[in-house]
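Worksheet for the structure shown next.
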Amino acid sequence: MSDTATSSARHHVVIIGSGFGGLFAAQRLKRADVDITLIARTTHHLFQPMLYQVATGIVSEGEIAPATRIILRHQKNATVLLGDVFDIDVNAQTVTSRLLERVTVTPYDSLIIAAGADQSYFGNDEFAEYAPGMKTIDHALELRGRILGAFEQAELSDDPAEREKLLTFVVVGAGPTGVEMAGQIAEMAERTLKGSFRHIDPTQARVILLDAASAVLAPFGPKLSAKAQKRLEKMGVEIQLNAMVTNLDYDGLEVKDADGTVRRIEAQCKVWSAGVQASSLGKVLAEQTGVELDRAGRVKVGPDLTVPGNPNVFVVGDMMAVDKVPGVAQGAIQGGRYAADAIKAELRGQTPDQRKPFSYFDKGSMATISRYAAVMQVPLPFTEKKFETEGYFAWLGWLMLHLVYLVGFRNRLNTFINWFFAFTTRGRTQLAVTEQQVYARTAMGALSELERREAEEIQEKLARAQRRQGA
Ligand SMILES: Cc1cc2nc3c(=O)[nH]c(=O)nc-3n(C[C@H](O)[C@H](O)[C@H](O)COP(=O)(O)OP(=O)(O)OC[C@H]3O[C@@H](n4cnc5c(N)ncnc54)[C@H](O)[C@@H]3O)c2cc1C
19 MSDTATSSAR
29 HHVVIIGSGF
39 GGLFAAQRLK
49 RADVDITLIA
59 RTTHHLFQPM
69 LYQVATGIVS
79 EGEIAPATRI
89 ILRHQKNATV
99 LLGDVFDIDV
109 NAQTVTSRLL
119 ERVTVTPYDS
129 LIIAAGADQS
139 YFGNDEFAEY
149 APGMKTIDHA
159 LELRGRILGA
169 FEQAELSDDP
179 AEREKLLTFV
189 VVGAGPTGVE
199 MAGQIAEMAE
209 RTLKGSFRHI
219 DPTQARVILL
229 DAASAVLAPF
239 GPKLSAKAQK
249 RLEKMGVEIQ
259 LNAMVTNLDY
269 DGLEVKDADG
279 TVRRIEAQCK
289 VWSAGVQASS
299 LGKVLAEQTG
309 VELDRAGRVK
319 VGPDLTVPGN
329 PNVFVVGDMM
339 AVDKVPGVAQ
349 GAIQGGRYAA
359 DAIKAELRGQ
369 TPDQRKPFSY
379 FDKGSMATIS
389 RYAAVMQVPL
399 PFTEKKFETE
409 GYFAWLGWLM
419 LHLVYLVGFR
429 NRLNTFINWF
439 FAFTTRGRTQ
449 LAVTEQQVYA
459 RTAMGALSEL
469 ERREAEEIQE
479 KLARAQRRQG
489 A
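Per our numbering, the very first residue in the sequence shown carries number 19; after that it's consecutive.
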């Protein structure tokens, strides 16, 4: 089935992605004389910085992922389409997306591509089955199921070695997401689950945070990195640095240390938070336009965030490679707004060569470690120096800032209430897991295996029929 999304008489802006880059670009065009079609493969705008709180039962997925069409319902010039974009034709100026068997071709005058990034397993994609990443709601719910499922299985086991394996949690990647996950698993075991099992002691769970690099939260510099490490260790998290994962399976992982020793850690529950790979739409652009991609697959855009030679094709957010712009929410928000402003200026008669280059305003970085502890780094104006702090006030700052950027008043209120109870008591309200969440990946794997076998059978039947005809 194939459709063509209505082409409009007004300047038509197509936006791919409903994340920070896509949504903020669409909202910036609210009063512009344009028609906008926002196409995304998820129905929601996901606030990724709080995914770890979904995975560890602090907030619900609805609070951090409001429906995009509800956010934009009063913006009359915006249409939201659900679909997975798999092709962009920069000559015909069309975007092709798929929803189940329905293929939709959407023409554009200007295109803003904000399709973000996926988890990178550095060429070992098979690791994903045993160590989910942390990029989507599916990932967070699957991880929540795996974490709580491991405690449940341990409660039933009489075998001490098996129990140890089930109560060992390994987080790979000691960046902000890894640190947040390790801290929260430790806190969940220590506070929330304490006393709720009869055969195991959840506080005995072993949480390991490992990284091939030599520091925790390396981009935050040596001082904050050391403080974060100390704080995690105080909570009982084992930090293993200069440790590279060389293999990973259902029961554990193989790690190579700096001295070349290879050792094995038995752990059923693994979390992968090491490395990102930009959306494969970058490759689609590269094949057509010859634009260069960096090692993470990000598009090397020009100073106006467009693909060289294509002044109407903007790439923003985690997909763009621009000097000194990190892959963070502010990079995407500012990039999305810049692209929207450039389109508005063009409607007023500005030509692409008159555009001012994109300039990123660094508002600082933060990462939480645990309840009451975070690190924060804010650039000081007119100097190269940064203000650094850690502990309670940094944590309060993290909470406040993340509340401000959550979309929707009720989401903010609900989150605030959940935070209040999660941090002042031992309670977490979002600990439900369903069988489907835990087994979805296995079920989908089995389904694709079934589809593959069916396809092979059909091929075989066709080949046999052709042979019979030939004979
Ligand atoms: C776990 C985690 C924690 C983080 N914590 C922080 C933090 O504390 N502070 C911070 O500043 N940043 C943080 N980040 C980074 C920040 O979330 C990203 O930099 C930001 O989301 C990038 O925005 P984006 O619009 O480029 O991509 P995204 O927000 O990832 O949005 C991509 C959009 O594109 C859609 N899409 C993807 N492919 C297709 C396709 N083929 N067809 C159609 N639609 C598609 C997706 O559905 C999604 O809507 C975190 C990221 C993660 C994963």
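Ideal Cβ positions, reconstructed from N, Cα and C, are used throughout, including at glycine.
If you reduce the DSSP assignment to three classes, tell me which class residue i lands in.
| i | result |
| --- | --- |
| Ile435 | helix |
| Arg162 | helix |
| Leu250 | helix |
| Gly409 | strand |
| Ser232 | coil |
| Thr447 | coil |
| Phe238 | helix |
| Ser243 | helix |
| Ala392 | strand |
| Glu12 | This structure gives no information on residue 12, because the portion of the chain shown stretches from 19 to 489. |
| Gln171 | helix |
| Val189 | strand |
| His420 | helix |
| Ile130 | strand |
| Asp143 | helix |
From the DSSP output, which residues share a beta bridge with residue i?
| i | result |
| --- | --- |
| Glu284 | Gly270 |
| Ser404 | Checking the sequence shown, residue 404 turns out to be Lys, not Ser. Pro397. |
| Ile57 | Ile34 and Leu99 |
| Thr122 | Asp21 and Ser115 |
| Thr324 | Phe332 |
| Ser383 | Gln395 |
| Leu227 | Val189 and Ile257 |
| Val294 | Gln137 |
Can you list, in chain order, the residues of its chain with a C-beta nearer than 6 Å to that of residue i? Leave out the 5 residues immediately preceding and following it.
| i | result |
| --- | --- |
| Arg446 | Gly75, Ile76, Thr210 and Ala440 |
| Ala43 | Ile33, Ile130, Gly354, Ala357 and Ala358 |
| Lys274 | Met262, Thr264 and Val280 |
| Ala233 | Ser243 |
| His30 | Asp53, Tyr126 and Asp127 |
| Arg444 | Arg209 and Thr210 |
| Phe330 | Sequence inspection shows Asn at residue 330; the Phe mentioned does not correspond to that position. Cβ within range, chain order: Ser128. |
Less than 7 Å between C-beta atoms, sequence neighbours within five positions excluded: which residues of the same chain meet that for residue i?
| i | result |
| --- | --- |
| Ala204 | Val225, Met253, Gly254 and Val255 |
| Trp413 | Thr386, Tyr390, Ala391 and Ala392 |
| Asn490 | It is not possible to answer for residue 490, since the shown part of the chain is limited to 19 through 489. |
| Asn436 | Ile76, Val77 and Thr447 |
| Phe140 | Gly293 |
| Leu449 | Gly75 and Leu166 |
| Thr433 | Val77, Glu81, Leu421 and Leu424 |
Please work out which residues of its chain come closer than 8 Å, Cβ to Cβ, to residue i, disregarding the five sequence neighbours upstream and downstream, and give them in chain order.
| i | result |
| --- | --- |
| Ile165 | Ala73, Thr74, Phe187, Ile203, Met206 and Cys287 |
| Ile218 | Phe169, Ala172, Glu173, Arg181 and Leu185 |
| Leu311 | Ala296, Gly300, Lys301, Ala304, Val317, Lys318 and Ala339 |
| Ser175 | Arg181 and Leu184 |
| Asp277 | none |
(request) Examine the Cβ distances between the region 221-228 and the region 249-260 and report whether three or more of them are shorter than 8 Å. (result) yes
(request) Tell me, please, whether the region 138-157 touches the region 273-293 by the rule of three or more beta-carbon pairs shorter than 8 Å. (result) yes
(request) Decide yes or no for the touch test of the region 365-377 against the region 167-176: beta carbon pairs closer than 8 Å, at least 3 of them. (result) no
(message) For the structure I just gave you, are there three or more beta carbon pairs, one from the region 58-67 and one from the region 87-105, closer than 8 Å?
(response) yes
(request) Check whether the region 311-318 touches the region 333-344, counting contact only when three or more Cβ pairs, one atom from each stretch, lie closer than 8 Å. (result) yes
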